[in-house]
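Residue numbers (UniProt numbering): 1 to 689.
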């Protein structure tokens with residue numbers, strides 16, 4: 001018997017020379033693409049259509065092949081198909097529902113491809129017709145809501161979410177997608193929450209649900225009242241919030257695990273041996289090779305939860321097993337298509353194993369630790385635009401956390417100590433820290449470590465000024481909390497002081513290059529005022545009196561850098577140039593630092609002369625400092641412990657608009673490939689009762 005093979009909706013007999021035969025569903029599609037109503041000749045046309053396995057490729061291709069005029073000629077049939085799809089969603093037979101959902105996905109994507117340059121209005125008209133849009137979309141949203149909330153097939157729920165993601169991302173700029181007005185009016189918010197609160201649904205659909213919610217929250221968020229923003233801001237159900245936190249933690253953990261695997265693979269290879277032999281000249285190349293696609297979609301979801309919902313802050317500290325210590329999934333994560341902004345969901349193996357009970361032998365973690373590790377990876381390399389955006393979003397999230405009173409309470413809690421292994425950029429002048437030597441400390445220490453790490457590793461010609469400003473602001477906000485609540489944090493403050501002084505040194509050394517692009521005095525003023533915070537209020541939050549002495553020692557030891565900074569800002573503030581005002585602010589801010597240097601340096605020189613010592617030890621300098629505090633006069637500076645609170649709408653709107661656009665494009669690309677395969681669905685519904 002001749003072998004039959006299927007290709008693009010055609011059936012060919014390999015041994016025959018006859019014309020290829022078309023699948024029945026393809027013949028039916030062809031009838032829809034005629035100007036006549038297909039049900040005229042066959043009253044059971046629509047009923048039969050939804051019993052046929054959908055040919056996504058053929059249907060989408062057919063839509064894309066038509067020009068605008070041809071599409072308008074068959075608009076009535078397209079509208080009719082759309083409406084019959086919605087009707088089929090209410091059918092008892094799951095095969096019909098599956099085929100209707102798949103057809104809707106193909107229709108939406110096909111019509112979008114045809115209408116790329118037009119607005120959402122044209123897409124609505126082409127799909128459903130303006131006159132019937134409100135009722136049809138209401139019926140569609142109600143059907144999807146019922147399917148998502150029902151206790152039926154998980155595969156059907158998955159397909160509903162894919163369809164919703166198709167709807168949401170039909171235009172690059174989601175705020176121009178008028179279809180979303182119907183998703184706002186007919187909310188599916190409660191259905192999303194139900195998925196997140198149920199362990200089974202969360203494992204299967206949590207990732208898509210969280211990404212969908214993050215996108216819906218960003219629809220016209222600055223122009224009108226978005227019900228998803230309002231509802232997300234007041235969610236207080238613990239199970240739901242924890243569910244959302246788990247989904248985000250698992251996605252970030254998966255990224256961390258992939259990065260760690262690639263890093264270990266790299267270090268054990270020939271390239272690592274070669275790098276060790278010839279020094280660090282190839283380190284940049286090594287970093288590129290081990291970079292893993294970032295996941296802005298899940299990061300956006302974390303941001304919206306932290307920014308909008310005060311109750312979500314508690315989820316950050318919710319303990320769960322260290323996900324990175326689990327067995328890696330056996331099947332690889334699909335990474336196609338390779339796009340700059342990843343939205344590939346984590347493996348379900350990781351999700352299911354992550355929700356096991358806590359084991360006494362496994363290090364516990366939480367969402368904040370997972371996020372800090374993620375941040376330490378993506379913030380290493382900011383030369384790539386997408387990593388730069390990822391790094392910026394990480395710092396914005398940390399800014400929101402650093403401003404929150406409750407978050408600060410658990411960050412600084414002495415009873416909540418964790419060992420946080422942050423990733424550190426390979427650098428020639430330092431050894432890789434051994435993971436086992438890491439102490440257990442309050443979580444704020446890990447945040448400060450991350451900030452210090454960023455400060456030390458990004459002093460380069462392509463200077464990420466915006467990220468540095470955010471980084472210093474985060475440190476300042478944490479210090480304000482410590483000063484206000486008199487928290488004496490046992491932290492290696494010297495590392496921070498040293499990093500800040502080196503940053504000032506870098507700004508001065510590269511004054512000409514940097515001033516051509518940036519106002520470096522804004523950053524210099526922030527750094528100087530951090531020192532002023534320590535000088536003015538350090539006795540209330542530094543752990544011991546000797547810590548305060550060490551601060552003075554560092555200022556005196558590195559006085560040349562402060563002297564040089566003063567000379568630079570004095571020069572620019574006395575000239576009538578564009579930098580006169582910002583430079584003069586730094587001049588005034590340096591008053592107490594200069595007072596300390598000018599007061600103690602003569603005392604130290606005198607001590608050395610009297611005792612005939614050419615070079616004083618640290619202990620000897622500290623002795624001079626301690627015995628001469630009483631004669632030191634400092635000026636009280638106002639506003640050191642004040643800061644401007646984070647505001648998204650006024651300062652970050654352009655950033656989020658572009659970020660959401662990138663995520664929307666990428667979600668659509670990922671959906672267009674292998675996420676709508678029918679094989680699993682048809683196995684599940686192999687019989688129709």
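Note that CB positions come from ideal geometry on N, CA and C, so glycine has one too.
Between the C-alpha atoms of residue 191 and residue 202 there is a straight-line separation of about 12 angstroms. Per DSSP, residue 364 is one residue of the beta strand (DSSP E) stretching across 364 to 366. Distance from the CA of residue 66 to the CA of residue 84, rounded to the nearest whole angstrom, comes to 22 angstroms. DSSP places residue 587 in the uninterrupted alpha helix (DSSP H) bounded by 580 to 589.
Given a length threshold of 3 residues, the stretch 57 to 96 has no whole run of the beta strand (DSSP E) inside it. In this structure, the beta-carbon distance from residue 227 to residue 187 falls below 9 angstroms. Under the three-state reduction of DSSP output, residue 319 falls in the strand class. Going by DSSP, residue 143 is part of the alpha helix (DSSP H) stretching over 130 to 149. Residue environment for residue 400: buried (at least 16 other C-beta atoms within 10 angstroms of its C-beta). Rounded to whole angstroms, the separation of the alpha carbons of residue 609 and residue 575 is 40 angstroms. Secondary structure at residue 295: coil, using DSSP grouped into helix, strand and coil. Within its own chain, the residues whose Cβ lies closer than 6 angstroms to the Cβ of residue 144, once the five positions on either side in sequence are excluded, are 160, listed in chain order. Per DSSP, the unbroken alpha helix (DSSP H) holding residue 399 starts and ends at 385 to 403. Bridge partners of residue 417 according to DSSP: 442. The C-alpha of residue 561 is placed about 41 angstroms away from the C-alpha of residue 657. One thing to note: residue 398 has its Cβ no nearer than 9 angstroms to the Cβ of residue 493. The continuous stretches of alpha helix (DSSP H) do not include residue 516, and DSSP gives it neither H nor E. When rounded, the separation of the alpha-carbon atoms in residue 313 and residue 388 is 25 angstroms.
Shortest Cα-Cα distance from residue 133 to any of 97, 94, 93, 183 involves 183. Note on geometry: alpha-carbon atoms of residue 619 and residue 626 lie some 10 angstroms from one another. For residue 38, there is no enclosing alpha helix (DSSP H), as DSSP marks it with neither H nor E. In this structure the stretch 641 to 654 does not lie against the stretch 566 to 580, because fewer than three pairs of beta carbons, one per stretch, are closer than 8 angstroms.
Distance from the CA of residue 485 to the CA of residue 181, rounded to the nearest whole angstrom, comes to 46 angstroms. About 13 angstroms separates the beta carbon of residue 522 from that of residue 467, a gap too long to meet the 8 angstroms contact definition. The three-state reading of DSSP puts residue 170 in coil, since its state is none of H, G, I, E or B. Between residue 449 and residue 475, the CB-CB gap reaches or exceeds 9 angstroms. Burial check for residue 405: the Cβ neighbour count within 10 Å stays below 16, so the residue is exposed. In terms of Cβ geometry, residue 98 and residue 193 do not form a close pair [threshold 9 angstroms]. Comparing alpha carbon positions, the residue from 71, 86, 36, 58 closest to residue 47 is 86.
Residue burial annotation: residue 461 is exposed, with fewer than 16 other C-beta atoms found within 10 angstroms of its C-beta. Close CB contacts of residue 209 within its chain, under the 7 angstroms cut and outside five residues either way in sequence, are with 161, 192, 195, 196 (chain order).
Relative to the Cα of residue 152, the nearest Cα in the group 125, 164, 200 belongs to 200. Between residue 596 and residue 636, the CB-CB gap reaches or exceeds 9 angstroms. The Cβ-Cβ distance between residue 49 and residue 106 does not fall below 9 angstroms. If you look at residue 458, you'll find it isn't in any alpha helix (DSSP H); DSSP assigns it neither H nor E.
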